[in-house]
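Peer 1: Keeping their order, the protein sequence lines are chains E and A. The first sequence begins at 123 in this note's numbering and counts up one residue at a time. The second sequence begins at 123 in this note's numbering and counts up one residue at a time. I am attaching a structure below and will ask some questions about it afterwards.
2 protein chains.
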Amino acid sequence: MNWEDIAKELSIETETKIVLLVLDGLGGLPRDGKTELETARTPNLDRLASKGACGLTDAVFRGITPGSGPAHLGLFGYDPLQYQLGRGILEALGSGVEVGRNDLVVRGNFATLRDGLIVDRRAGRLPTIENEKLCEKLNSSLIKRGGIEIRLYPGKEHRFVAKLTAEGLSDCLSDADPQKEGRPPIQTLALVPEAELAAVIINQFLDEAAEVLKDSAPANTILLRGFSKFPAIPTMASLYKLNPAAIANYPMYRGLAKLLGMTVLDVGPDASALSDVLEKHIGDHDFFYIHFKKTDSAGEDGDFERKVSAIEEFDRSLPRLLPLNPDVLVVTSDHSTPALWKGHSWHPNPFLLVSKTSRLDGLTSFSEKECARGSLGRFEARFAMPLMLAHAGKLKKFGA
Amino acid sequence: MNWEDIAKELSIETETKIVLLVLDGLGGLPRDGKTELETARTPNLDRLASKGACGLTDAVFRGITPGSGPAHLGLFGYDPLQYQLGRGILEALGSGVEVGRNDLVVRGNFATLRDGLIVDRRAGRLPTIENEKLCEKLNSSLIKRGGIEIRLYPGKEHRFVAKLTAEGLSDCLSDADPQKEGRPPIQTLALVPEAELAAVIINQFLDEAAEVLKDSAPANTILLRGFSKFPAIPTMASLYKLNPAAIANYPMYRGLAKLLGMTVLDVGPDASALSDVLEKHIGDHDFFYIHFKKTDSAGEDGDFERKVSAIEEFDRSLPRLLPLNPDVLVVTSDHSTPALWKGHSWHPNPFLLVSKTSRLDGLTSFSEKECARGSLGRFEARFAMPLMLAHAGKLKKFGA
């Protein structure tokens, strides 16, 4: 019996509200002895820490640096080792492409074909504006087949997402990409008998695309890799009997929230806007996932100061959010993005939980170091969900 | 390879003695900043904390509120997700009904049948004294069939436990209970072919009971739900080579101990009696599970002061117990029952281990907050057993 079965059996609908604040990439590494979070002036977060219980989470397990997909899945109670989202679906979500249950998505490159060989897998990193034009040209030229729709969505430079919509398409397909230059283009192969139909359609599409593009060198063909269907993942409503909403600005997080059945609410990139949206919709949902991206972006850029500022910006927004008085408030991150590391890292995430039923750890500030001393201990992020549900009174007793 | 296999392979018989003191529902929540345990004057527990190592346990995992069954199974080293005790067996244990390996037990209700429909599933919550009379009447009227014995044990109001004794009875049976009023009574159905025999016997019994009761309205029929056999659970002797004893007053805990093969010793409800019984039997066993109920009862009643008093009562009993000098002494609880929550909760349990081989955490008091700082960390309660066995020198090295 695993957590999903337990959740389905024990969860109950209540009036209580959970707010999960995710400061993307919050955790850091010390510069001159202090991390970004320790450097930032955060009187509101510090006060919250003194009113709740703290801990540290690992997105997957110790030492594993997660992508945004697994890191977020864990926070929502999904085992990130069980649910691995395909590259195609993440690229689609990240590009703001809507993906439904009958869609098959895949990452694409414009590439250069010469004398029957792929000589440049990125078509000279063609300008994004050219990419957009070519996608439009292909979209208007592709022959519609009975019940099958194919659409390309331009990305940056040579990248695009292709979406095929039809019933019964399987994503058990090999990449239509020779991976190395100097090789001939290759077709996709069905990896299971049920994928034969999809393979035929995709290989026809590849031929047609090459025909349409034949005079557009260097972008005179396309490569496709990472075929993905809408993943077979249960919704948060089905697992937890929640009516959840996401307040997020970036396509990737909005798309992921949608995958899990959340209502996705619009918001800008600034922290100040988050509480406005929460206030407006607080009556409509019982679970709010609120995503703040600037901390991660600054960390990725290796900009320690900007990450400190982003944390302070978030902290300043809290006095408007707290009076909305959720029954359970969690502040944490999906993964660490230390400015000194310039990317996602494996370091654990600060985790702070405030509710009427939380024990008080007596900590006086919110930081990686203080969280390491908190009573919640160190745990895999997928246990955050049972913990939040329990504090919200949304889980019945297990066993008699 | 799981813990049970490891335990069987590595455990050895020794002269050393383990005493596991379970203060039921010990963990709490703060009132005016202090939990019940922090409020109580506990000089003896505090002194023990300074002589041992501390930690916090989760009965199942973070966020899960356990019933008494899973909470205790964990403490004895059984995975509570693997061994789920049926409602019938727990009701039987809680009622003090002895359950053997050939017994099938089930929860029963007296109910009211009118014009072919169950119109009251609780027979007007008939007086317990009436219940007792009806159970006696049924017990004396039921026809004994070859090798099959059926016996009813009255509970409170409309509730009873029925026990069927025969070889080869399966508990894979549907409830003989329409669950809602205004519906006709239903028979039990065999959910697997092996349960056919049990289904036939039970449905005959239902008919006979209705016949015996036909003039006893409102209690003129019975409903049965939660058929359970003695669970297929290995004994502590078979896993750990222990000769374990339980010192417990309440039927539920005595019954559970019996399930695991413990010798169950009699004791009253007061803490002072526990050490008397332990002293008398210290030479007979190498593992003692000692259960103190008052902390939980006070918590369930929401009586903060009474829970504080119960903790202090227990603390005062320690000076008589400690000179018995067990090699490993653990003080913990099965689950938290905060007075402010008035029920079992998911908050982790304080855990204190004293032995010659324990590291010293240098803590000066025994409380939830101090335990959060202890060197044992936060762990699932099922790891308490390997820890106790190790400190008692009862586990060999794993691997070469």
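Glycine residues also receive a C-beta, built at the ideal position from the N, C-alpha and C atoms.
(1) By how many angstroms is the C-alpha of Pro470 (chain E) removed from the C-alpha of Pro249 (chain E)?
(2) Output, in chain order, the set of chain E residues within a Cβ distance shorter than 8 Å of Glu490 (chain A).
(3) Would the segment 129-142 of chain A count as touching the segment 456-470 of chain A if we require 3 or more Cβ pairs under 8 Å?
(4) Extract the residue ranges of the alpha helix (DSSP H) inside the segment 312-399 of chain A, only unbroken runs of 4 or more that lie entirely within it.
(5) What is the residue span of the beta strand (DSSP E) that Thr164 (chain A) lies within?
(6) In the DSSP assignment, the alpha helix (DSSP H) including Asp418 (chain E) goes from what residue to what residue?
(7) What is the DSSP secondary structure of Ala522 (chain E), counted as helix, strand or coil?
(8) For chain A, find out if any of its Cβ atoms is closer than 8 Å to the Cβ of Leu509 (chain E); answer yes or no.
(9) Which residue wins for smallest C-alpha separation from Ala420 (chain A), given the options A:Thr454, A:Asp408, A:Glu434, A:Phe410?
(10) How many angstroms separate the CA atom of Ala368 (chain A) from the CA atom of Tyr411 (chain A)?
(11) Between Gly210 (chain E) and chain A, is the shortest Cβ-Cβ distance under 8 Å, so that the two count as touching?
(12) With DSSP collapsed to three states, give me the class of Arg305 (chain A).
(13) Please classify Pro340 (chain E) as buried or exposed, where buried requires at least 16 neighbouring CB atoms within 10 angstroms.
(14) Kindly indicate if chain E contains any beta-carbon less than 8 Å away from that of Pro152 (chain A).
(15) Using only CA atoms, which one of E:Pro448, E:Phe414, E:Ser397, E:Val314 lies nearest to Ala432 (chain E)?
(16) List the residues of chain E whose Cβ lies closer than 8 Å to the Cβ of Ala370 (chain A), in chain order.
(17) When Cβ atoms are compared, which residues of the segment 158-188 of chain A fall closer than 8 Å to chain E?
(18) Based on the DSSP secondary-structure assignment, which residues constitute the bridge partners of Tyr275 (chain E)?
(19) Show which residues of chain A have a CB atom less than 7 Å away from the CB atom of Ala320 (chain E).
(20) How about Leu498 (chain A) and Gly177 (chain A): do their beta carbons lie closer than 8 Å?
(21) Could you pull out every residue in the same chain whose Cβ sits closer than 6 Å to the Cβ of Ile272 (chain E), ignoring the five residues on either side in sequence?
(22) Less than 8 Å between CB atoms is the rule here; does Phe352 (chain E) satisfy it with respect to chain A?
(23) Are there three or more Cβ pairs, one per stretch, closer than 8 Å when the segment 293-311 of chain E is compared with the segment 239-255 of chain E?
(24) Which residue marks the beginning of the beta strand (DSSP E) containing Ile240 (chain E), and which one marks its end?
(25) Evaluate the contact criterion for the segment 166-173 of chain A versus the segment 482-493 of chain E: three or more CB pairs, one atom per stretch, below 8 Å.
(26) Would the segment 444-457 of chain A and the segment 152-161 of chain A be scored as touching if the rule is three or more Cβ pairs under 8 Å?
(27) Going by the CB atoms, is the gap between Ala233 (chain A) and Arg243 (chain A) shorter than 8 Å?
(28) Between A:Gly377, A:Glu330, A:Phe198, A:Ile324, which has its C-alpha nearest Ala359 (chain A)'s C-alpha?
(29) Among the candidates A:Pro165, A:Lys173, A:Leu148, whose CA atom is the shortest distance from the CA of Ser477 (chain A)?
(30) Closest by CA to His194 (chain E), which one among E:Leu443, E:Val322, E:Arg163, E:Phe505?
(31) Is the beta carbon of Leu260 (chain A) less than 8 Å from the beta carbon of Leu291 (chain A)?
(32) Quick check on the DSSP output: what are the complete beta strand (DSSP E) runs of length 3 or more inside the segment 127-185 of chain E, in order along the chain?
(33) Thinking just about the alpha-carbon of each residue, which of A:Lys429, A:Pro448, A:Arg438, A:Thr479 is nearest to the one in Gly465 (chain A)?
(34) Taking the C-alpha atoms as reference points, what is the distance between Tyr362 (chain E) and Thr385 (chain E)?
(35) Kindly give me the distance between the Cβ atoms of Gly210 (chain A) and Phe349 (chain A), rounded to whole angstroms, as I take these residues to be in contact under 8 Å.
(36) So with CB distances below 9 Å, who are the chain E contacts of Glu202 (chain A)?
Peer 2: The short version:
(1) In the first sequence, residue 249 (chain E) corresponds to position 127, counting from 1. In the first sequence, residue 470 (chain E) corresponds to position 348, counting from 1. Computed Cα separation, rounded: 39 Å.
(2) Working through the second sequence from its first residue, we reach residue 490 (chain A) at position 368. Near Glu490 (chain A) (Cβ distances below 8 Å), the residues of chain E are Arg481, Ser497.
(3) Remark: fewer than three beta-carbon pairs, one from each stretch, lie closer than 8 Å, so the segment 129-142 of chain A and the segment 456-470 of chain A are not flagged as touching.
(4) If you keep only unbroken alpha helix (DSSP H) runs of at least 4 residues inside the segment 312-399 of chain A, you get 318-334, 358-362, 373-381.
(5) Your numbering for residue 164 (chain A) matches position 42 in the second sequence. For Thr164 (chain A), there is no enclosing beta strand (DSSP E), since its DSSP letter is neither H nor E.
(6) For this step, residue 418 (chain E) is matched to residue 296 along the first sequence. Element bounds for Asp418 (chain E): 416-422.
(7) Residue 522 (chain E) sits at position 400 when you count from the first residue of the first sequence. Residue state, collapsed to three classes: coil.
(8) Position 387 of the first sequence, counted from the start, is the residue given in the question as residue 509 (chain E). Yes, Leu509 (chain E) lies at the interface with chain A (some Cβ there is under 8 Å from its Cβ).
(9) Taking the first residue of the second sequence as 1, we reach residue 420 (chain A) at position 298. It is A:Glu434 whose Cα lies nearest to the Cα of Ala420 (chain A).
(10) For this step, residue 368 (chain A) is matched to residue 246 along the second sequence. For this step, residue 411 (chain A) is matched to residue 289 along the second sequence. Between Ala368 (chain A) and Tyr411 (chain A), the C-alpha separation is close to 5 Å.
(11) Along the first sequence, one-based indexing puts residue 210 (chain E) at 88. No, Gly210 (chain E) lies away from the interface with chain A (no Cβ there is under 8 Å from its Cβ).
(12) The residue labelled residue 305 (chain A) in the question sits at position 183 within the second sequence. Here Arg305 (chain A) sits in strand by DSSP.
(13) Walking along the first sequence from the start, residue 340 (chain E) turns up at place 218. By the neighbour-count criterion, in which a residue is buried when 16 or more other Cβ atoms sit within 10 angstroms of its Cβ, Pro340 (chain E) is buried.
(14) As a first step, residue 152 (chain A) is located in the second sequence; it is residue number 30 there, counting from the start. Yes, Pro152 (chain A) lies at the interface with chain E (some Cβ there is under 8 Å from its Cβ).
(15) Mapped onto the first sequence, residue 432 (chain E) falls at position 310. Scanning E:Pro448, E:Phe414, E:Ser397, E:Val314 for the CA closest to the CA of Ala432 (chain E) turns up E:Phe414.
(16) As a working mapping, residue 370 (chain A) is identified with position 248 in the second sequence. Close partners of Ala370 (chain A) in chain E (Cβ separation under 8 Å) are lacking, with about 17 Å as the shortest Cβ gap.
(17) Of all residues in the segment 158-188 of chain A, only Leu178, Val182, Phe183, Arg184, Gly185, Ile186, Thr187, Pro188 come within less than 8 Å of chain E when Cβ atoms are compared, listed by chain position.
(18) One-based indexing of the first sequence puts residue 275 (chain E) at position 153. E:Val283, per the DSSP bridge assignment.
(19) If you number the first sequence from 1, residue 320 (chain E) lands on position 198. In chain order: nothing, as chain A lies at least about 39 Å away.
(20) Locating residue 498 (chain A) in the second sequence gives position 376, where the first residue counts as 1. Locating residue 177 (chain A) in the second sequence gives position 55, where the first residue counts as 1. Cβ atoms of Leu498 (chain A) and Gly177 (chain A): closer than 8 Å.
(21) On the first sequence, position 150 is the one that residue 272 (chain E) refers to. Close CB contacts of Ile272 (chain E) within its chain, under the 6 Å cut and outside five residues either way in sequence, are with Leu264, Leu286, Phe327 (chain order).
(22) Reading the first sequence from its first residue, position 230 is the one you call residue 352 (chain E). No, no contact with chain A.
(23) Flag = yes, the segment 293-311 of chain E and the segment 239-255 of chain E touch.
(24) In the first sequence, the residue the question calls residue 240 (chain E) occupies position 118. First-last of the beta strand (DSSP E) with Ile240 (chain E): 239-242.
(25) No, the segment 166-173 of chain A is not in contact with the segment 482-493 of chain E.
(26) Too few Cβ pairs lie closer than 8 Å, so no.
(27) Counting from one through the second sequence, the residue named residue 243 (chain A) turns up at place 121. Counting from one through the second sequence, the residue named residue 233 (chain A) turns up at place 111. Going by C-beta atoms, Arg243 (chain A) is nearer than 8 Å to Ala233 (chain A).
(28) Taking the second sequence and counting its residues from 1, the one referred to as residue 359 (chain A) is at position 237. Among A:Gly377, A:Glu330, A:Phe198, A:Ile324, the Cα nearest to that of Ala359 (chain A) is on A:Phe198.
(29) As a working mapping, residue 477 (chain A) is identified with position 355 in the second sequence. Ranking the options by Cα distance to Ser477 (chain A), first place goes to A:Lys173.
(30) If you number the first sequence from 1, residue 194 (chain E) lands on position 72. It is E:Phe505 whose Cα lies nearest to the Cα of His194 (chain E).
(31) Counted from its first residue, the second sequence places residue 260 (chain A) at position 138. Counted from its first residue, the second sequence places residue 291 (chain A) at position 169. No. Outside cutoff.
(32) Restricting attention to beta strand (DSSP E) runs no shorter than 3 residues, the segment 127-185 of chain E encloses them at 140-145, 175-180, ordered along the chain.
(33) For the purposes of this step, residue 465 (chain A) is taken as residue 343 along the second sequence, with counting starting at 1. Restricting attention to A:Lys429, A:Pro448, A:Arg438, A:Thr479, the CA atom closest to the CA of Gly465 (chain A) is found in A:Lys429.
(34) The residue you call residue 362 (chain E) lines up with position 240 of the first sequence. The residue you call residue 385 (chain E) lines up with position 263 of the first sequence. Cα atoms of Tyr362 (chain E) and Thr385 (chain E): separation of roughly 15 Å, rounded to the nearest angstrom.
(35) Counting from one through the second sequence, the residue named residue 210 (chain A) turns up at place 88. Counting from one through the second sequence, the residue named residue 349 (chain A) turns up at place 227. Rounded to whole angstroms, the Cβ separation of Gly210 (chain A) and Phe349 (chain A) is 6 Å, and the two are in contact under 8 Å.
(36) Within the second sequence, residue 202 (chain A) is the residue found at index 80, counting from 1. Position check: residue 202 (chain A) holds Pro in this sequence, whereas Glu was assumed. In chain order: Phe520, Gly521.
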